[in-house]
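In what follows, a structure is listed as structure tokens, so that the remarks can point back to it.
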Amino acid sequence: MGKFTRGFVLGALAAGAWTLFNVKQDGATTRRQLKSYVNDFCQDSQQLGQDTCRIRQALHDVTDKGLPLLQSTVGEVQTLFRRFQESNGPRIRRTQEKVEKLNSDLEEAQENVNKS
């Protein structure tokens with residue numbers, strides 16, 4: 356145990372002892388309060404342990420079940436997107452070419468209108 360930790364523990368014990376000897380209530384009341392504090396601490400510790408176990412289990416479930424499912428889904432979406440590009444690529448190119456042709460025809464018609 357390091358010097359700081361040892362000093363901290365000894366200081367906490369000394370402060371606790373001083374508080375117990377200088378408290379302005381009878382011993383039975385002090386014992387009841389201490390017992391209540393200890394019981395609350397134990398219940399809180401148990402609850403914290405249970406919550407930690409539930410969190411660990413949830414993380415385990417996500418990594419065991421969720422991650423493979425996510426990877427599978429991403430793979431399927433990529434495959435579908437690739438197929439979409441392959442099957443619709445020619446259509447998209449033709450549409451782009453027609454749009455470019457329409458734009459050039461429109462510019463040409465506008466120039467003709469401006470000349471007359």
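For the sequence shown, my numbering gives the first residue as 356, with consecutive numbering after it. Where a beta carbon is used, it is the ideal one built from N, C-alpha and C, also for glycine.
- Approximately 7 Å separates the beta-carbon atoms of T385 and L375; this is inside 8 Å, confirming the contact.
- Straight through space, the alpha carbons of N469 and E462 are spaced by roughly 10 Å.
- Each residue's CA atom was taken as its position, placing D416 and R409 some 10 Å apart.
- According to the DSSP assignment, V417 belongs to no alpha helix (DSSP H), since it is labelled neither H nor E.
- Rounded to the nearest whole angstrom, the C-alpha separation of Y392 and T360 is 23 Å.
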